[in-house]
Structure formats: structure tokens, C-alpha cells
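Take the sequence shown: its position 4, counting from 1, is numbered 120 in this note's numbering, and each next residue is one higher. All residues carry an ideal CB built from backbone N, CA and C; glycine is no exception. In this text the structure is predicted, and so the values were computed from the model without any measurement. Let me begin by presenting the structure, written as C-alpha cells, before commenting on it.
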Amino acid sequence: MVSEKGQVTIPKQLRDRLGIQPGEVLEFEEDGGRLIAVKQQGRDQRLLPRNRKAPRLP
Numbered sequence: 117m118v119s120e121k122g123q124v125t126i127p128k129q130l131r132d133r134l135g136i137q138p139g140e141v142l143e144f145e146e147d148g149g150r151l152i153a154v155k156q157q158g159r160d161q162r163l164l165p166r167n168r169k170a171p172r173l174p
């Protein structure tokens, strides 16, 4: 379910299996009507400010 703020909860089992930690950045992509969350690789994303606004999609 999507909250009024557009937030979703990733089930704990998936977070554990994929190694997703609080504060990590996920990128979202659209593919044929499906929403795909991709764990951002590379630098330590937990250092980014938590109040940073996500870019708006067209």
C-alpha cells in the first residue's frame, strides 16, 4: 500500500536478503508499467542528507 506521502514499506525479508539498510538510497525506474527499485551502488549513500528532496519525474 502507498501512503498519502507516497511511501511504501519494503518487507523485512526482502530488505535482509538484499542487504538494504536504513538510510540507503534506492533509485526507481519504470519498465513497461512496472516500478523497479534499484539499490544504488558505489559511494556510501548513508552520508547523504535525509531531507534531500528526490527529483520530480516528468
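Inter-residue spacing [alpha-carbon to alpha-carbon] between residue i and residue j
i      : j      : result
Glu143 : Ala153 : 6 Å
Val141 : Lys121 : 17 Å
Lys155 : Met117 : 20 Å
Gln123 : Gln157 : 22 Å
Thr125 : Asp132 : 13 Å
Residue i Cβ short of 7 Å to the ligand MG heavy atom set
i      : result
Leu142 : As far as ligands go, the structure on display features none, and thus does not contain the ligand MG.
Contacts around residue i, its chain only, beta-carbon distance under 8 Å, and the 5 residues preceding and following it disregarded
i      : result
Gly135 : Lys155
Residues of its chain near residue i, where Cβ-Cβ distance is below 7 Å and the 5 sequence neighbours each way are ignored
i      : result
Glu145 : Ile152 and Val154
| Going along the chain, which unbroken runs of the beta strand (DSSP E) with 3 or more residues stay wholly within the region 121-154? | Fully enclosed beta strand (DSSP E) runs of 3 or longer: 142-147.
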